[in-house]
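Data first, discussion second: the structure below is written as structure tokens.
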Amino acid sequence: MNDANKKTQRSFQCREALWQRFEHMARELECSVDYLINDAMKQYARQRGYSTTSTSSSHMAVPPSSVHGAPPPPPPPGTPISSTPAARPPSGRPGSGRPGSAPPPPPLPPPVPQAAGVTTKSTVGPHPAPPPAPPPAPPPPPALPGGGPASGAAPTMVRRPPPGPPPPPRAPLGTSSLPPPPPQPPAARPAAGLKIYYQGEPFPVTKDRFVIGRGKQTSDLTIKDPNVSRQHAMIEFSGGQYYMVDLGSTNGIEFNGQRVQRKIIQDGDVFRICDYELRIAFQ
0 MNDANKKTQR SFQCREALWQ RFEHMARELE CSVDYLINDA MKQYARQRGY STTSTSSSHM
60 AVPPSSVHGA PPPPPPPGTP ISSTPAARPP SGRPGSGRPG SAPPPPPLPP PVPQAAGVTT
120 KSTVGPHPAP PPAPPPAPPP PPALPGGGPA SGAAPTMVRR PPPGPPPPPR APLGTSSLPP
180 PPPQPPAARP AAGLKIYYQG EPFPVTKDRF VIGRGKQTSD LTIKDPNVSR QHAMIEFSGG
240 QYYMVDLGST NGIEFNGQRV QRKIIQDGDV FRICDYELRI AFQ
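Following numbering that gives the first Met the number 0, the numbering of the sequence shown begins with 0 at its first residue and continues without gaps.
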């Protein structure tokens, strides 16, 4: 096996939150934490300008940018691993562009004693399974109706209000305490009947709605003139009074030279519909 691809068990100090984050990413990506840490170290070395390709030497080559006086580039944002940067060769030596010219790696520092809040993790071997989640807490007991205490609490005496007075007895069906109002009597017609004189002929009004118009089937008094509407006017009896009412005709109704829509009829009134006069008389 090539020495550049050889894997060796390492131990390092890692913050607990960072390690848990890597374990979470490993579960999501379905890989091991060792693979993620190796990949993160390789990406970090590539961002810092160190070549990760295997050469004839077992050490990583130092790029020309590591000359004394050139500040190292800042780490990329969002780098998930936090570790000590790789050692650089002394500034007096040239870069390891030639095979075999790279300096030997420095010896590994002794293990640092474990500090509070920091856990030593091993990067080789399967990581332990996460502890099982604690069982959910049982739901609280439902509240008793009326705001009563829950089970196990001391009972509380609740006094009920005294009952109110009994309701009055109902009246038997078919009877009522108040008599129904008497029906309103219909409006009495005037003693004298109303007649319309049209072209010298009297036409008695015997209906509450007496229609005047051109339509023979829809009017009670027919005026055969194309200027007269089919239902031109109406004599209406309402509230003990007779009214002359315009039914939305085209040429309207005139009384004393004025066009009217609704007017109380008096004895002797003369209404004009187009070229025809209608004289009203109570007899």
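Ideal Cβ placement from N, Cα and C applies to all residues, glycine included.
In terms of residues, what are the limits of the beta strand (DSSP E) holding residue i?
| i | result |
| --- | --- |
| residue 193 | 193-197 |
| residue 245 | 240-245 |
| residue 46 | Here residue 46 belongs to no beta strand (DSSP E); instead the alpha helix (DSSP H) covers 32-46. |
| residue 257 | 257-259 |
| residue 216 | Segment: none, residue 216 is in no beta strand (DSSP E) and carries neither H nor E. |
| residue 234 | 232-237 |
| residue 180 | Premise fails: residue 180 is in no beta strand (DSSP E) and is neither H nor E. |
Is it true that the CB of residue j sits closer than 8 Å to the CB of residue i?
| i | j | result |
| --- | --- | --- |
| residue 230 | residue 246 | yes |
| residue 194 | residue 265 | no |
| residue 208 | residue 243 | no |
| residue 249 | residue 228 | yes |
| residue 35 | residue 25 | yes |
| residue 192 | residue 201 | no |
| residue 275 | residue 197 | yes |
Between the C-alpha atoms of residue i and residue j, what's the straight-line distance to the nearest angstrom?
| i | j | result |
| --- | --- | --- |
| residue 213 | residue 225 | 7 Å |
| residue 21 | residue 4 | 23 Å |
| residue 82 | residue 10 | Model confidence at residue 82 stands at a pLDDT of 44, short of 50, so the residue's coordinates are unreliable and nothing is read from them. |
| residue 261 | residue 211 | 14 Å |
| residue 221 | residue 255 | 23 Å |
| residue 297 | residue 263 | Nothing about residue 297 can be reported from this structure: the residues present for the chain run from 0 to 282 only. |
| residue 90 | residue 29 | The predicted position of residue 90 is uncertain, since its pLDDT is 44 and thus under 50; a value taken from the coordinates is nonetheless stated next. So the two alpha carbons sit approximately 43 Å from each other. |
| residue 270 | residue 179 | 44 Å |
| residue 199 | residue 273 | 17 Å |
| residue 268 | residue 280 | 8 Å |
| residue 37 | residue 48 | 17 Å |
| residue 223 | residue 239 | 31 Å |
| residue 216 | residue 169 | 57 Å |
| residue 241 | residue 165 | 57 Å |
| residue 46 | residue 23 | 24 Å |
Kindly indicate the opening and closing residues of the alpha helix (DSSP H) around residue i.
| i | result |
| --- | --- |
| residue 210 | Premise fails: residue 210 lies in the beta strand (DSSP E), 208-212, not in any alpha helix (DSSP H). |
| residue 22 | 15-28 |
According to DSSP, which residues form a beta bridge with residue i?
| i | result |
| --- | --- |
| residue 275 | 272 |
| residue 160 | Per DSSP, none; premise fails for residue 160. |
| residue 262 | 243 |
| residue 203 | 194 |
| residue 252 | 259 |
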